[in-house]
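Here is the structure we will look at.
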Amino acid sequence: MKPLCCLALLICAAFPLTGQTLRLSIIGTDTSHAPAYANILHDASRPDHVPGARIVAAFPGGSPDIESSASRVEGFAKDLKEKHGVKIVSRIADLCAESDGILLLSVDGRKHLSQFKEAMACKKPVFIDKPYAATWKDALEIRRLAKEAGIPWFSTSSLRYADYVVELTGQATKGAVSWGPGPLENHHELDLGWYAIHPIEALFTIMGPGCKKVSRTTGTHGEVLTGEWGDGRIGVVRTLWPAGGYGAVAFGEKDVKQSGANPKFSYAPSLKWAIKMIKTGKAPLSNDVTMEIFAFMEAANRSRKAGGAPQALPTW
């Protein structure tokens with residue numbers, strides 16, 4: 010461990026609540042978000058640097074049956090330890106004394122419920138990275154446990170704060186279309202949550218909540234999810250297989266507004282909101298909005314099983 014990293018950790022440990030500095034701990038180093046978040050928080054020379062917090066500890070986790078998890082978990086943990094001086098622990102419980110807040114980043118959504126249960130013992134706010142949960146049942150249970158324990162939590166795709174999404178938000182007075190990569194992961198019952206969560210969350214940000222039913226059509230190169238909002242508007246998500254760019258169109262009263270080609274986005278805005286939630290104990294996004302997005306994906310699953318027939322969103 011480098012001397013400067015050691016010094017930074019000692020400072021954070023000795024004065025966790027002074028000034029603006031928060032101590033953050035990671036659950037799950039099997040995602041590129043783990044080192045990306047550390048770089049954004051720790052490198053003040055970056056144009057997207059977010060001040061006010063440091064990652065001080067991490068529990069690697071990992072899922073041996075998901076290749077993208079098993080092949081990266083050790084490497085990203087090593088990067089956090091050697092480059093950023095992050096303490097690697099063997100139990101989630103060991104994060105409690107190190108942290109003012111938890112970043113639950115595990116790439117495998119199946120782990121989120123059990124890991125959230127363990128993190129609750131820390132009694133600290135929790136940011137839950139995508140996918141919030143792997144099943145509708147797990148999504149409901151996380152919400153119930155957090156509400157009963159009074160644990161503030163917040164979950165979002167980074168696309169919610171992408172410039173092109175922000176620019177189109179509120180413009181879809183007649184409807185909208187959002188698109189993006191949508192590869193599926195067969196261990197996740199809510200398979201759209203693996204990657205299609207990004208264009209889905211973009212659509213809900215642009216349209217706002219209020220979807221009542223959805224239909225799901227599967228083709229050779231992707232899928233089309235058609236949502237019907239309670240006010241009569243139609244919102245559409247087009248997923249692209251195996252990959253593709255992001256974008257959206259908002260249909261207004263008198264004009265149509267479209268994102269530019271290959272719009273860029275950063276992890277910094279969602280990380281900034283996560284830090285604010287940890288500081289204040291108040292989520293910047295209603296948990297009910299996150300639940301509606303997952304209800305949308307659950308109804309889409311039911312539609313696929315029903316041959317594409319529209320299905321009402323389940324209640325929570």
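If you're matching positions, the sequence shown starts at 10 in this note's numbering and goes up one per residue. Note that beta-carbon positions come from the ideal geometry of N, C-alpha and C, so glycine has one too.
Residues sharing a beta bridge with residue i, DSSP
| i | result |
| --- | --- |
| residue 238 | 220 |
| residue 62 | 31 |
| residue 186 | 245 and 258 |
| residue 202 | According to DSSP, residue 202 bridges with nothing at all. |
| residue 232 | 227 and 248 |
| residue 158 | Residue 158 pairs with nothing; no bridge assigned. |
| residue 67 | 35 and 97 |
| residue 110 | 33 |
| residue 125 | Beta-bridge pairing links residue 125 to no other residue. |
| residue 209 | Paired residues: none, contrary to the question. |
Proximity below 9 Å, CB of residue i to CB of residue j
| i | j | result |
| --- | --- | --- |
| residue 248 | residue 234 | yes |
| residue 128 | residue 101 | yes |
| residue 133 | residue 110 | yes |
| residue 269 | residue 173 | yes |
| residue 113 | residue 75 | no |
| residue 66 | residue 86 | no |
| residue 47 | residue 104 | no |
| residue 107 | residue 220 | no |
| residue 161 | residue 186 | no |
| residue 184 | residue 257 | no |
| residue 244 | residue 118 | no |
| residue 116 | residue 239 | no |
| residue 224 | residue 309 | yes |
| residue 210 | residue 166 | yes |
| residue 43 | residue 35 | yes |
Cβ-based burial, residue i [other Cβ within 10 Å; buried from 16]
| i | result |
| --- | --- |
| residue 169 | buried |
| residue 208 | buried |
| residue 326 | Because the chain here runs from 10 to 325, residue 326 falls outside it and cannot be looked at. |
| residue 289 | exposed |
| residue 304 | buried |
| residue 265 | exposed |
| residue 62 | buried |
| residue 205 | buried |
| residue 73 | exposed |
Where residue i sits in the DSSP three-state scheme
| i | result |
| --- | --- |
| residue 163 | strand |
| residue 256 | strand |
| residue 319 | coil |
| residue 263 | coil |
| residue 305 | helix |
| residue 325 | coil |
| residue 96 | strand |
| residue 270 | coil |
| residue 84 | helix |
| residue 294 | coil |
| residue 287 | helix |
| residue 174 | helix |
Close beta carbons around residue i, own chain, < 8 Å, minus the five adjacent residues each side
| i | result |
| --- | --- |
| residue 59 | 49, 50, 277, 280, 281 and 284 |
| residue 151 | 121, 122, 125, 137, 141, 142 and 162 |
Proximal residues to residue i (C-beta, below 7 Å), its chain only, five neighbours per side dropped
| i | result |
| --- | --- |
| residue 231 | 191, 247, 248, 249 and 250 |
| residue 2 | Here the chain has residues from 10 to 325 only, and residue 2 is not among them. |
| residue 293 | 163, 282, 285 and 286 |
| residue 272 | 171, 172, 173, 255 and 256 |
| residue 178 | 214 and 215 |
| residue 149 | 325 |
Sequence-distant residues of its chain with Cβ nearer than 6 Å to residue i (five each side left out)
| i | result |
| --- | --- |
| residue 189 | 207, 208 and 255 |
| residue 331 | The first residue shown for the chain is 10 and the last is 325, placing residue 331 beyond what the model contains. |
| residue 182 | 261 and 262 |
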